[in-house]
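Chemist: Residue numbers (our numbering): 1327 to 1713.
1. Are the CB atoms of residue 1615 and residue 1588 within a distance shorter than 9 Å?
2. Determine the DSSP secondary structure at residue 1415, reduced to helix, strand or coil.
3. Assess contact between the region 1626–1644 and the region 1662–1677, defined as three or more Cβ pairs (one per stretch) separated by less than 8 Å. Is contact present?
4. Could you compute how far the alpha carbon of residue 1601 sits from the alpha carbon of residue 1516?
5. Helix or strand or just coil, what does DSSP make of residue 1343?
6. Tell whether a beta-carbon distance below 9 Å holds between residue 1578 and residue 1568.
7. How big is the Cα-Cα spacing for residue 1691 and residue 1681?
8. Using the C-alpha atoms, what's the distance from residue 1334 back to residue 1531?
9. Quick one: any contact between the region 1372–1391 and the region 1524–1543, if contact means 3 or more CB pairs under 8 Å?
10. Can you grab the Cα-Cα spacing for the pair residue 1399 / residue 1586, in whole Å?
11. For residue 1611, collect the residues of the same chain with a Cβ closer than 7 Å to its Cβ; drop the 5 residues on either side in sequence, then sort them by chain order.
12. Between which residues of its own chain and residue 1372 is the CB-CB distance below 6 Å, once the five residues before and five after are set aside?
13. Can you grab the Cα-Cα spacing for the pair residue 1698 / residue 1499, in whole Å?
14. Whole angstroms is fine: what's the gap from residue 1547's alpha carbon to residue 1362's?
15. Need the endpoints of the beta strand (DSSP E) that residue 1661 sits in, please.
16. Apart from the five residues on each side of it in sequence, which residues of its chain come closer than 8 Å, Cβ to Cβ, to residue 1694?
17. First and last residue of the beta strand (DSSP E) that includes residue 1586?
18. Considering only C-alpha positions, which residue in the set 1646, 1624, 1597 is nearest to residue 1712?
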């Protein structure tokens, strides 16, 4: 059993809030983590995809009051959005009876309906946390290349071989398109959404050009933007926004789009093993997205993430800014002999970072420029977690 780094944070939030909502795509290990937490306290588990469990909540207020002294874990919460209003009343009564924390652990795929319902009904009563796939600090150092290839979904990473892993990811994609997304109320044709998702993988990390994608798919630009919003809401795609400070220059305003899991990128492109990935033009962009996801995850939501690009060619792959804390400029290279380009130095003069890092696949840390170190991914993730 891999110890998930999010577990202490979930326990901390349960100690201070009545409800914790653990969000993430399917198969990231939300239920496994919830079961581990449940072993340390009286608890009851309800899966809203199981007809028998759903029947137990036919009178939800009575059922929840009957388990008021236990942690109630409710899985696939988005399948019963009306439950949020009931939870509000139960939580408020519990507060008056001095039972105000650690009442509910809600699990579910992020969706517009989930966020809207919980935001309207449980404001001030709930904490949100996101459980992603395995990160570099959750696997053996020797397994980082495999993690990049297979992605962070536990069943993909732990598959017996590359072929089995790819087959799992292809099945995951098909299930999401044909079952999970329609269950959330979306009427997007599965094959069209697959083509869109695949095109995003081919354009990993590039500025999102909705009109260009719309022409390629035979759709309207608003429809393509709606598809992007859907995949972002489901935590399958990241929309990395441009840095918005005032430096007196014309800056990029178009966000960059990343398929968040590198293994899904490779599966969408049909790349089975590391040799195929390294021989494909996607290798560099895929590695960049892999690094960015690990770093953003390491900040646990405490830092604002963006990228910097000016019309004159100055650019930084990732800017991390902690409120009241440091500002990092991070460049990513898929090379054991990385070099900084002039655009990075020019951009650094504009944003004045406290520290610069050049992340590469090696492990040795060494200076490459004044206040800029070449650094391995595992080490910079540890640094980011400690800020």
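Glycine included, each C-beta is placed from N, C-alpha and C at the ideal position.
Modeler: Well, looking at it:
1. Working through the chain shown from its first residue, we reach residue 1588 at position 262. Working through the chain shown from its first residue, we reach residue 1615 at position 289. In contact: residue 1588 and residue 1615 (Cβ atoms closer than 9 Å).
2. In the chain shown, counting from the first residue as 1, residue 1415 sits at position 89. Looking at residue 1415 - three-state DSSP - the assignment turns out to be helix.
3. yes
4. Within the chain shown, residue 1601 is the residue found at index 275, counting from 1. Within the chain shown, residue 1516 is the residue found at index 190, counting from 1. Looking at the two C-alpha atoms, the distance is approximately 30 Å.
5. Residue 1343 sits at position 17 when you count from the first residue of the chain shown. In the structure shown, residue 1343 sits in coil (DSSP, three-state: anything other than H, G, I, E or B).
6. By one-based count along the chain shown, residue 1578 stands at place 252. By one-based count along the chain shown, residue 1568 stands at place 242. Their beta carbons are under 9 Å apart, which means residue 1578 touches residue 1568 by this criterion.
7. As a position in the chain shown, residue 1691 is number 365, starting the count at 1. As a position in the chain shown, residue 1681 is number 355, starting the count at 1. So the alpha carbons of these two residues sit roughly 14 Å apart.
8. Numbered from 1 along the chain shown, position 205 holds the residue referred to as residue 1531. Numbered from 1 along the chain shown, position 8 holds the residue referred to as residue 1334. Answer to the nearest angstrom: the Cα atoms are 32 Å apart.
9. no
10. The count along the chain shown starts at 1 and reaches residue 1399 at position 73. The count along the chain shown starts at 1 and reaches residue 1586 at position 260. Going from the Cα of residue 1399 to the Cα of residue 1586 covers about 27 Å.
11. Here residue 1611 is taken as the residue at index 285 of the chain shown, counted from 1. Cβ within range, chain order: 1530, 1531.
12. What you label residue 1372 is simply residue 46 of the chain shown in a count that begins at 1. Hits under 6 Å: 1379, 1400.
13. Residue numbering aside, residue 1698 sits at position 372 when the chain shown is read from its first letter. Residue numbering aside, residue 1499 sits at position 173 when the chain shown is read from its first letter. In a straight line, the C-alpha of residue 1698 is about 39 Å away from that of residue 1499.
14. Position 221 of the chain shown, counting from 1, holds the residue named residue 1547. Position 36 of the chain shown, counting from 1, holds the residue named residue 1362. When rounded, the distance between both Cα atoms is 45 Å.
15. Locating residue 1661 in the chain shown gives position 335, counting from the first residue. Taken as a continuous stretch (DSSP letters only), residue 1661 belongs to no beta strand (DSSP E), as it is neither H nor E.
16. For the purposes of this step, residue 1694 is identified with residue 368 of the chain shown, where counting begins at 1. Cβ within range, chain order: 1664, 1665, 1666, 1684, 1700.
17. Looking up residue 1586 in the chain shown gives position 260. Unbroken run through residue 1586: none, as it is neither H nor E.
18. Mapped onto the chain shown, residue 1712 falls at position 386. Checking every option, the nearest Cα to that of residue 1712 belongs to 1624.
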